[in-house]
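Participant: If you number the sequence shown the way our numbering does, the last residue is 552 and the count never jumps. For each residue, glycine too, the CB sits at the ideal point set by N, CA and C. I'd like to ask you about the structure that follows.
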Amino acid sequence: MPNALLEVHNLTKIFPGIRALDDVHLTLRSGEVHALIGENGAGKSTLVKVLTGVYIPTSGTLTFDGKEVAFRNAIDAQAAGIVAIHQEASMFPELTVTENIFMGHHLRNPRTKKLDWKAMTEQTRQLLGRMQLDIDPDTLVKNLSVAKRHMVEITKALSLDAKLVIMDEPTSALTGREVEDLFRIVRSLKEQGKAILFISHKFDEIFSICDYYTVFRDGQYIGEGKVSQSNEDAIINMMIGRSIDQLYPEHQKQKGKEVLRVEKLCQLGAFKDISFTLHEGEVLGLFGLVGAGRSEVVRTIFGIDKSSGGSMHLLGEPFKPKGAKESMRRGIALVPEDRQKQGLVLKMSLTNNISLPVLRQLSFKGMVTRAAKERTYVQCHGNQMEIKSAGYHVDAETLSGGNQQKVVLAKWIGTSPKILILDEPTKGIDVATKAAVHQFVCDMAQKGVAVIL
């Protein structure tokens with residue numbers, strides 16, 4: 100067995116009111132794909148930020164490539180050979196593939212000292228060739244698919260001669276074929292002796308691509324092992340301290356009166372001739388690949404986007420919303436696909452986020468004058484969703500992905516919606532939170548709410 104490339108010993112990271120990491124351990128070797136597993140809020144993202152120099156640990160040691168290190172910033176970590184590829188590709192969309200790959204470490208002509216774009220373009224072409232990627236170095240990143248943007252980020256890691264590549268939920272927006280392309284590249288990196296720290300909530304991916312795993316729970320190290328010698332139930336038990344009997348709770352199907360009728364709904368360039376009916380207490384599933392138009396359909400129903408044809412009837416009356424405000428007033432709620440950009444105001448507190456749709460009821464002449472009522476309202480619905488946080492005063496950006504999703508759900512409970520639309524509600528969340536979301540959907544349907552999922 101090769102020597103450890105990365106050793107994390109007794110690492111602790113404390114924020115005001117919360118111990119995000121508590122004496123954790125991790126060992127990672129070259130040529131190894133290592134899964135870091137845990138519920139949302141287990142400390143995975145905090146560890147990644149420590150490894151990439153974003154956070155400085157409160158205590159503990161990091162040993163990388165045989166040397167004890169203390170990264171002061173992301174530049175230090177990158178210079179040492181650690182590169183992170185995040186769930187949302189962090190690239191400059193208006194720049195070319197070459198410009199993105201060499202951002203921060205441009206090549207210069209040794210004689211003129213000017214930027215050598217010819218050399219950088221040629222190196223980019225060679226790097227893409229090594230990855231078996233058919234991408235033009237001069238293509239603007241905004242014109243690439245999400246999958247190819249991830250591939251470009253991996254190519255950038257190669258250009259930096261990274262020894263450790265951290266992949267944080269890299270497949271969340273990829274199709275099955277794109278996932279296979281990504282895994283081909285991961286295996287290629289492994290063969291080149293790179294170490295990969297792979298963070299995912301998808302067990303089929305973990306068992307397909309990973310060699311070893313480490314489990315965190317509530318900021319603590321729980322255990323580790325060989326993937327080939329474990330199973331899904333055992334790892335879930337380590338993650339949450341118990342087994343999950345029902346990931347998909349039994350739903351008593353019921354069908355009340357019709358609440359929404361959609362007929363031949365169209366939006367130019369997005370979808371065409373969409374028709375369905377929705378009833379009280381019904382859970383209606385919309386299926387389709389990435390880019391098939393599912394999100395565009397629900398955005399149109401909610402009034403964010405305009406239709407170009409067709410009709411809708413809400414509770415038997417013609418319905419053509421002029422905006423989201425009208426849809427909310429008529430009893431429609433939307434949990435969007437991108438919770439961070441569309442579902443939350445990250446720099447605002449949980450209190451402000453959860454009470455946002457009902458400010459009119461909590462205010463007088465535009466001023467929130469009923470603070471006690473707001474606190475009671477927020478605590479009631481926040482506690483109902485079992486949000487884990489240091490308190491409702493903290494900003495939404497400080498929460499894990501699963502707890503952020505619970506905040507978005509709590510935000511809509513108090514509006515007493517007639518129709519609840521959930522666009523990819525379990526994207527990027529752990530198995531326990533998925534079970535909680537599924538139970539939430541069943542509970543809402545049981546109360547007579549019509550659900551589009």
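With a cut-off of 8 Å on the beta carbons, I'd call I528 and A509 a contact; round off their distance for me.
Facilitator: Position 429 of the sequence shown, counted from the first residue, corresponds to residue 528. Position 410 of the sequence shown, counted from the first residue, corresponds to residue 509. With a Cβ gap of about 15 Å, I528 and A509 do not count as contacting.
Participant: Enumerate in chain order the residues of its own chain whose CB-to-CB distance from L194 is below 8 Å, with the five nearest sequence positions on each side excluded.
Facilitator: Mapped onto the sequence shown, residue 194 falls at position 95. Around L194: M202, L239, V240.
Participant: Quick check: the Cα distance between V477 and V548, rounded to an integer number of angstroms?
Facilitator: Stepping through the sequence shown from its first residue, residue 477 is reached at position 378. Stepping through the sequence shown from its first residue, residue 548 is reached at position 449. Going from the Cα of V477 to the Cα of V548 covers about 21 Å.
Participant: Ignoring anything shorter than 3 residues or poking outside the stretch 270-318, list the beta strand (DSSP E) runs there in chain order.
Facilitator: 294-298, 311-316
Participant: Apart from the five residues just before and just after H378, which ones in its own chain have a Cβ nearer than 8 Å to its Cβ?
Facilitator: Locating residue 378 in the sequence shown gives position 279, where the first residue counts as 1. Result list for H378: K354, G355, K356, E357, V358, A549, in chain order.
Participant: Can you tell me which of I431, M411, E138 puts its alpha carbon nearest to the alpha carbon of G520?
Facilitator: The count along the sequence shown starts at 1 and reaches residue 520 at position 421. The sequence shown places Ile at residue 520, rather than the Gly named in the question. If we check each option's Cα against that of I520, I431 comes out closest.
Participant: Straight-line CA distance for P597 to D215?
Facilitator: The chain is shown only over 100 to 552; residue 597 falls outside these bounds and no answer can be derived.
Participant: Flag this pair as touching only if the stretch 443-456 and the stretch 491-503 have three or more C-beta atom pairs under 8 Å; answer yes or no.
Facilitator: yes
Participant: From R118, D404, V382, pick the residue whose C-alpha is nearest to that of L367; which is it?
Facilitator: By 1-based counting over the sequence shown, the position of residue 367 is 268. Selected option, being the one with the closest Cα: D404.
Participant: Is H204 helix, strand or coil by DSSP?
Facilitator: By one-based count along the sequence shown, residue 204 stands at place 105. Coil.
Participant: Report the option in D372, V132, A544 whose CA atom is closest to the CA atom of L263.
Facilitator: Translated into positions along the sequence shown, residue 263 becomes position 164. Checking every option, the nearest Cα to that of L263 belongs to V132.
Participant: Taking L104 as the reference, which of K212, S129, V196 has the closest Cα?
Facilitator: In the sequence shown, the residue the question calls residue 104 occupies position 5. For L104, the closest of K212, S129, V196 by C-alpha to C-alpha distance is S129.
Participant: Kindly examine the ligand FMN and report whether one of its heavy atoms sits closer than 7 Å to the Cβ of A119.
Facilitator: This structure simply doesn't include the ligand FMN, nor any ligand for that matter.
Participant: At 3 residues or longer, and completely inside the stretch 120-185: list those beta strand (DSSP E) runs for me, N to C.
Facilitator: You should have 132-136, 158-163, 166-168, 181-184.
Participant: Roughly how many angstroms lie between the CA atoms of Q319 and L110, to the nearest whole one?
Facilitator: Mapped onto the sequence shown, residue 319 falls at position 220. Mapped onto the sequence shown, residue 110 falls at position 11. When rounded, the distance between both Cα atoms is 10 Å.
Participant: Nearest to S258 by alpha carbon, out of I200, E138, R360?
Facilitator: Here residue 258 refers to the residue found at position 159 when the sequence shown is read from its first residue. Ranking I200, E138, R360 by Cα distance to S258 puts I200 first.
Participant: Helix, strand or coil for H537? Go by DSSP, reduced to three states.
Facilitator: Counted from its first residue, the sequence shown places residue 537 at position 438. Reduced to three states, the DSSP call for H537 is helix.
Participant: Using 8 Å as the Cβ pair cut-off and three pairs as the minimum, do the stretch 137-155 and the stretch 118-129 touch?
Facilitator: The stretch 137-155 is in contact with the stretch 118-129.
Participant: Rounded to a whole number of angstroms, what is the C-alpha to C-alpha distance between G395 and H124?
Facilitator: The residue you call residue 395 lines up with position 296 of the sequence shown. The residue you call residue 124 lines up with position 25 of the sequence shown. In the sequence as displayed, the identity of residue 395 is Glu instead of Gly. About 44 Å.
Participant: Look at the Cβ atom of I308, then the Cβ atom of F297, and state whether they are nearer than 8 Å.
Facilitator: Counting from 1 along the sequence shown, the entry for residue 308 is found at position 209. Counting from 1 along the sequence shown, the entry for residue 297 is found at position 198. In contact: I308 and F297 (Cβ atoms closer than 8 Å).
Participant: Is DSSP giving Q231 helix, strand or coil here?
Facilitator: The sequence position of residue 231 within the sequence shown is 132, counting from 1. Secondary structure of Q231 (DSSP, three-state): coil.
Participant: Go ahead and label L161 buried or exposed: buried means 16 or more other beta carbons lie within 10 angstroms of its beta carbon, across all protein chains shown.
Facilitator: On the sequence shown, position 62 is the one that residue 161 refers to. With 16 or more other Cβ atoms within 10 Å, it is buried.
Participant: R360 to H537, Cα distance in whole Å?
Facilitator: Taking the first residue of the sequence shown as 1, we reach residue 360 at position 261. Taking the first residue of the sequence shown as 1, we reach residue 537 at position 438. Cα-Cα distance, rounded: 25 Å.
Participant: State the Cα-Cα distance for the pair V382 and F302, rounded to the nearest angstrom.
Facilitator: The residue given as residue 382 occupies position 283 in the sequence shown. The residue given as residue 302 occupies position 203 in the sequence shown. Cα to Cα, V382 sits roughly 26 Å from F302.
Participant: Identify the continuous beta strand (DSSP E) that holds E106 and give its terminal residues.
Facilitator: Along the sequence shown, read from residue 1 onward, the residue named residue 106 stands at position 7. Here the beta strand (DSSP E) through E106 covers 103-114.
Participant: Based on the DSSP output, what are the partners of Q545 in its beta bridges?
Facilitator: Here residue 545 refers to the residue found at position 446 of the sequence shown. Per DSSP, none; premise fails for Q545.
Participant: Output the residue ranges of the alpha helix (DSSP H) runs that lie fully inside the stretch 369-456 and measure 4 residues or longer, sorted by chain position.
Facilitator: 393-401, 423-428, 449-454
Participant: Measure the CB-CB distance between G513 and V457 and report whether it falls below 8 Å.
Facilitator: Your numbering for residue 513 matches position 414 in the sequence shown. Your numbering for residue 457 matches position 358 in the sequence shown. Cβ atoms of G513 and V457: closer than 8 Å.
Participant: With C-beta atoms as the reference, is A256 less than 8 Å away from V182?
Facilitator: The residue labelled residue 256 in the question sits at position 157 within the sequence shown. The residue labelled residue 182 in the question sits at position 83 within the sequence shown. Against a cut-off of 8 Å, the Cβ pair of V182 and A256 comes out as a contact.
Participant: Using 8 Å as the threshold, is the C-beta distance between I46 and V326 below it?
Facilitator: Residue 46 cannot be examined here, being either before or after the span of the chain that is shown, 100 to 552.
Participant: Could you name the residues of the same chain whose beta carbon sits closer than 7 Å to that of A284, not counting the 5 residues immediately before and after it, in chain order?
Facilitator: Numbered from its first residue, the sequence shown carries residue 284 at position 185. The sequence shown places Ile at residue 284, rather than the Ala named in the question. Excluding positions up to five away in sequence, the list reads M230, M250, I253.
Participant: From E331, Q291, G159, E362, pick the residue whose C-alpha is nearest to that of G415; which is it?
Facilitator: For this step, residue 415 is matched to residue 316 along the sequence shown. It is E362 whose Cα lies nearest to the Cα of G415.
Participant: Roughly how many whole angstroms lie between the Cα atoms of I174 and I184?
Facilitator: Residue mapping note: residue 174 aligns to position 75 of the sequence shown, counting from 1. Residue mapping note: residue 184 aligns to position 85 of the sequence shown, counting from 1. Rounded to the nearest whole angstrom, the CA to CA distance from I174 to I184 is 15 Å.
Participant: Would you call the CB atoms of G442 and V540 closer than 8 Å?
Facilitator: Here the question's residue 442 lines up with position 343 in the sequence shown. Here the question's residue 540 lines up with position 441 in the sequence shown. In this structure, G442 sits away from V540, with a CB-CB distance that is not shorter than 8 Å.
Participant: Return the chain-ordered ranges of every alpha helix (DSSP H) run that is complete within the stretch 476-529 and spans a minimum of 4 residues.
Facilitator: 500-512
Participant: If you run the structure through DSSP and keep just helix, strand and coil, what is E362?
Facilitator: As a working mapping, residue 362 is identified with position 263 in the sequence shown. DSSP places E362 in strand when its eight states are reduced to three.
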